[in-house]
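Read the structure below first, then the notes.
Residue numbers (my numbering): 457 to 580.
Here is the structure:
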């Protein structure tokens, strides 16, 4: 386990999905690079004038097999490197959380169930 995984203590999975971030009324197109139950990595098509600890709203456009499902998540910027933002979830609706859990389970297996319980009860 590398230092970031130990620090994170929750699994992160690579997963590319079309997305957009909104900040100060401006929309930035991009994609999700990876995600966990409590955050994601967003890559934009251009630089965003946003600093760490600022709030942004990210909209995910899930693939066709999810029948056009769209999720909107309020996030806080925890890291910014060029066109990439590391975001921590501030508010996630139940359906989006369950969809994230399902996508993670498909990539990391049953381990996500234990992490999900710990996450819900604030142990991570």
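Each residue gets a CB set at the ideal place from its N, CA and C atoms; glycine is no exception. No experiment lies behind these values; they were computed from the predicted model shown.
Next item on the list: Specify whether the region 534–552 and the region 491–507 touch according to this definition: at least 3 beta carbon pairs, one from each stretch, less than 8 angstroms apart.
Entry: Contact holds between the region 534–552 and the region 491–507, because three or more Cβ pairs, one in each stretch, are under 8 angstroms apart.
Checklist line | Beta-carbon spacing of residue 512, residue 528 below 9 angstroms | finding: Not a contact, by the Cβ cut-off of 9 angstroms.
Check: Can you tell me whether DSSP reads residue 482 as helix, strand or coil?
Finding: Note: residue 482 maps to strand in three-state DSSP.
Next item on the list: Enumerate in chain order the residues of its own chain whose CB-to-CB distance from residue 535 is below 6 angstroms, with the five nearest sequence positions on each side excluded.
Entry: For residue 535, where only same-chain residues beyond five positions count, the Cβ hits under 6 angstroms are 542.
Checklist line | Reduced DSSP secondary structure (H/G/I, E/B, other) of residue 570 | finding: If DSSP states are grouped into helix, strand and coil, residue 570 belongs with the helices.
Checklist line | Span of the beta strand (DSSP E) around residue 530 | finding: First-last of the beta strand (DSSP E) with residue 530: 526–537.
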